[in-house]
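Step one of this worksheet: look at the structure below.
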Amino acid sequence: MNTPYTHYLLVDGYNIIHAWDELKKLAAISLDDARVKLTSRLANYQGFKNIGIIVVFDAYKVVGGVEKIIWEGNIGVVYTKEAETADNYIERTAQTLAKKYTVSVATSDILEQIIIMSQGARRMSAESLLRDMKFVEQQIRQKTDSLKPIKNNQLFDNLDPQTAELLEQMRRGK
Numbered sequence: 077m078n079t080p081y082t083h084y085l086l087v088d089g090y091n092i093i094h095a096w097d098e099l100k101k102l103a104a105i106s107l108d109d110a111r112v113k114l115t116s117r118l119a120n121y122q123g124f125k126n127i128g129i130i131v132v133f134d135a136y137k138v139v140g141g142v143e144k145i146i147w148e149g150n151i152g153v154v155y156t157k158e159a160e161t162a163d164n165y166i167e168r169t170a171q172t173l174a175k176k177y178t179v180s181v182a183t184s185d186i187l188e189q190i191i192i193m194s195q196g197a198r199r200m201s202a203e204s205l206l207r208d209m210k211f212v213e214q215q216i217r218q219k220t221d222s223l224k225p226i227k228n229n230q231l232f233d234n235l236d237p238q239t240a241e242l243l244e245q246m247r248r249g250k
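Following the working numbering, the numbering of the sequence shown begins with 77 at its first residue and continues without gaps.
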């Protein structure tokens, strides 16, 4: 695998959805919407952290289901094949990736955390991921707020005082 990332985060999708109140409530109305919301938030997180993210959803109860990997931006979204749990997929992928990269797994499944740690991956609870994502979202807001134009987005509105004065003197022929 040739990748620009040195760190990967594998996310147990349904575990996270059912661990976060906001997504749990949304899933009660529409599981599809909860998956979309999780993936969208992970995309912002991925862009800020510059890490590879793969979110895995169980499809092990889907009769005749085949493994599907969909790329939504830079996020890999995996639907497991019939009879394969997200845990199975995550364990296999963590073991493979951990040979070359730093790997973290986001799940609150204690048994899964123990297994992935034995394979050289780091564990991250659903709560830890949520806290880190909220921190990143706050950082993104602060960064975008600081980039907003001060007034009407005119040249002089965004110049430091010395440069503005120099240009004003040039304009007046001084």
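Glycine included, each C-beta is placed from N, C-alpha and C at the ideal position.
Coil, strand or helix - Val155 by DSSP: Here residue 155 is Tyr; the residue named in the question, Val, does not match the sequence. Of the three classes helix, strand and coil, the one that applies to Tyr155 here is strand, per DSSP.
* Asked: Which value, in whole angstroms, describes the spacing of the CA atoms of Gly249 and Ala240?
  -> 14 Å
Going by beta carbon distance, what residues of the same chain come within less than 6 Å of Arg198, once the five residues before and after it are set aside?
-> Ser180
- [ ] Excluding the 5 residues preceding and the 5 following Asp108 in the sequence, name in chain order all residues of the same chain whose CB lies nearer than 8 Å to its CB.
- [x] none
- Under the three-state reduction of DSSP, which class applies to Ser184: helix, strand or coil? coil
Looking at chain B, is there any beta carbon in it that lies within less than 9 Å of the beta carbon of Glu98?
No chain B is present in this structure, which holds just one protein chain.
Note to self: Measuring only from the beta carbon, is Gln245 closer than 8 Å to any heavy atom that is part of the ligand PLP?
What the structure shows: Among the components of this structure there are no ligands whatsoever, and the ligand PLP is therefore not found.
Check: Among Leu99, Gly152 and Val212, which residue has its Cα nearest to the Cα of Lys125?
Finding: Val212
> Where does Glu188 land, buried or exposed, given buried means 16+ other C-beta within 10 angstroms?
Replying inline: buried
Quiz item: How about Arg117 and Val153: are their beta carbons less than 9 Å apart?
Solution: no
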